Amino acid sequence: MWHRDTLTLSARKRGFHLISDEVEQALAEMPPVSVGLLHVQLLHTSASLTLNENADPDVRHDMDAFLRRLVPGNLPYFRHTLEGDDDMPAHVFASLLGTQLTLPVEARRGVNRLALGTWQGIWLGEHRDHGGSRRLCLTLSGE
Amino acid sequence: MWHRDTLTLSARKRGFHLISDEVEQALAEMPPVSVGLLHVQLLHTSASLTLNENADPDVRHDMDAFLRRLVPGNLPYFRHTLEGDDDMPAHVFASLLGTQLTLPVEARRGVNRLALGTWQGIWLGEHRDHGGSRRLCLTLSGE
Amino acid sequence: MWHRDTLTLSARKRGFHLISDEVEQALAEMPPVSVGLLHVQLLHTSASLTLNENADPDVRHDMDAFLRRLVPGNLPYFRHTLEGDDDMPAHVFASLLGTQLTLPVEARRGVNRLALGTWQGIWLGEHRDHGGSRRLCLTLSGE
Chain D
1 MWHRDTLTLS ARKRGFHLIS DEVEQALAEM PPVSVGLLHV QLLHTSASLT
51 LNENADPDVR HDMDAFLRRL VPGNLPYFRH TLEGDDDMPA HVFASLLGTQ
101 LTLPVEARRG VNRLALGTWQ GIWLGEHRDH GGSRRLCLTL SGE
Chain G
1 MWHRDTLTLS ARKRGFHLIS DEVEQALAEM PPVSVGLLHV QLLHTSASLT
51 LNENADPDVR HDMDAFLRRL VPGNLPYFRH TLEGDDDMPA HVFASLLGTQ
101 LTLPVEARRG VNRLALGTWQ GIWLGEHRDH GGSRRLCLTL SGE
Chain H
1 MWHRDTLTLS ARKRGFHLIS DEVEQALAEM PPVSVGLLHV QLLHTSASLT
51 LNENADPDVR HDMDAFLRRL VPGNLPYFRH TLEGDDDMPA HVFASLLGTQ
101 LTLPVEARRG VNRLALGTWQ GIWLGEHRDH GGSRRLCLTL SGE
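Residue numbers (UniProt numbering), protein chains in the order written: chain D, 1 to 143; chain G, 1 to 143; chain H, 1 to 143.
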């Protein structure tokens, strides 16, 4: 069984945001699979997707705080600067964190659910100051 | 063909550990596929999975040594500090390295094997001082 | 439908290189799928694969410039130094960026195409000074 959908996320401010609920809601509307995988592809190059803690929001704050210091926007050797000081760091984060996830799925009572660890959630990393809405390509395969 | 299993890894000390043999042993017990993919999902947010060299253990030492200096545990702007100095760096490494792998599989003489490069092995990154046992969700698909 | 091929890339100099065309050409020669995923596995531990901008080559320059400063080759605590100053950093980049991608595919007019975002391209990160040719294991699944 193969199924593909697009999910559009509303604009978020710069930082990390928990989007598990939005992905699970889209997944729940797809044909149920007893065993399967959901592939999630962010269709952008200045934002990221990663799995990390779904509880304390301070973890998301600290991740962003660390990354901003790791890649400041005004490094003297940066050449790709026309789109602003937040752009080249955003490209670096897109590659360091990645823009895709593949997630275990199993239907319970006929409804698809992510089969992740207790503390795992899906984070959107918005790395632009004004990134706008972001699109995800969702592909479910399974049986 | 779809098959799912859980693999529990015994507790390791902080650092990187080669776990190819344990994953291949679990894979060998699954129904054989001539072409397939094994998805490996670590069900935790303070450890990581990555592919890297399977030979010289110094590579694993150096990776850990580099990362410990990249993200010290006592950064003054960290807010998520209640679980100890090793916790927030562990979350950062989980996102920088990732917690999932998808691996080419092909059966030889009826037994599933990973089809990786000669020097590639699967590393578990244990980023907590006392991380305990770690669980992997294994999903094999193929034909 | 499952299909596997090997793609060999010619030697590139150290840095990031856009290889979308080579991957899409190999994909176009595979049996068409209306919905599917292409898994791309780099079979090496001192190079990387990542999705990032396919337009301005300065983004590739800046990524490489940043990474070279992040992990110099002569860190005093590095033990894995016999293969040269470029080797241990290459292993670090292979894990930070990753060596695998899973990419949405859909056939248009009977020919498989990647279904990525407008600005997304596949980058090969060549992290050795003289890395030689690099091999990719391509696995297409779909219906």
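Here a beta-carbon is modelled for each residue, glycine too, at the ideal position from N, C-alpha and C. All figures in this text were calculated on a predicted structure; none of them were measured in a lab.
Checklist entry - Are S133(D) and T8(D) close, meaning C-beta to C-beta below 8 angstroms? => result yes
Checklist entry - Under a three-way DSSP split, which group does V40(D) fall into? => result strand
Checklist entry - With a Cβ-Cβ cutoff of 8 angstroms, do V105(H) and L38(H) count as a contact? => result yes
Checklist entry - CB of R128(G) to nearest heavy atom of the ligand ATP: below 7 angstroms? => result No copy of the ligand ATP occurs in the structure displayed, which carries no ligand at all.
Next on the checklist: Strictly under 8 angstroms for the Cβ-Cβ distance: is T102(G) near chain A by that measure?
Outcome noted: In the structure shown, chain A cannot be found, because the protein chains are D, G and H.
Checklist entry - Is it true that the CB of L27(G) sits closer than 8 angstroms to the CB of R135(G)? => result no
Next on the checklist: Can you pull out the residues from the stretch 49-69 of chain H whose beta carbon lies closer than 7 angstroms to at least one beta carbon of chain D?
Outcome noted: T50, L51, N52, E53, D56, D58, V59, H61, D62, M63, A65, F66
Next on the checklist: Which residues in chain H have a C-beta closer than 7 angstroms to the C-beta of F78(D)? List them in chain order.
Outcome noted: D62
Checklist entry - Apart from the five residues just before and just after G73(D), which ones in its own chain have a Cβ nearer than 6 angstroms to its Cβ? => result D85, D86, P89
Item to check | Buried or exposed (CB count within 10 angstroms, at least 16 for buried), E126(D) | outcome: buried
Checklist entry - Does the beta carbon of W119(D) sit closer than 8 angstroms to a beta carbon anywhere in chain G? => result yes
Checklist entry - Do the CB positions of S48(D) and I122(D) come within less than 8 angstroms of each other? => result no
Next on the checklist: Quick check for students: name the residue ranges of the alpha helix (DSSP H) that lie wholly in the stretch 72-133 of chain D, counting only runs of 4 or more.
Outcome noted: 87-97
Item to check | CA nearest to the CA of H80(G), picked from S10(D), L103(D), R69(D), A55(D) | outcome: A55(D)
Item to check | Contact under 8 angstroms by Cβ, G98(D) with G98(G) | outcome: yes
Next on the checklist: In the DSSP assignment, the beta strand (DSSP E) including R4(G) goes from what residue to what residue?
Outcome noted: 2-9
Checklist entry - Does DSSP put S20(G) in a helix, a strand or coil? => result helix
Checklist entry - Just the Cα atoms here: how many angstroms apart are P32(D) and F93(G)? => result 33 angstroms
Checklist entry - In terms of residues, what are the limits of the beta strand (DSSP E) holding A47(G)? => result 47-53
Checklist entry - In angstroms, rounded to a whole number, what distance separates the CA positions of R12(G) and V71(D)? => result 32 angstroms
Item to check | chain G within 8 angstroms of S10(H), Cβ atoms only | outcome: no
Item to check | Of the listed residues G117(D), R128(D), L67(D), nearest to C137(G) (C-alpha basis) | outcome: G117(D)
Checklist entry - Just to confirm, are R4(D) and T139(D) a CB contact at a threshold of 8 angstroms? => result yes
Next on the checklist: Using a Cβ-Cβ cutoff of less than 7 angstroms, which residues in the same chain neighbour V111(D) once the five nearest sequence positions on both sides are dropped?
Outcome noted: A28, P32
Checklist entry - Name the residues in the stretch 78-93 of chain G whose C-beta lies less than 8 angstroms from a C-beta of chain D; which are they? => result F78, R79, H80, M88, H91, V92
Checklist entry - A115(H) versus chain D: which residues are under 7 angstroms apart at the beta carbon? => result C137
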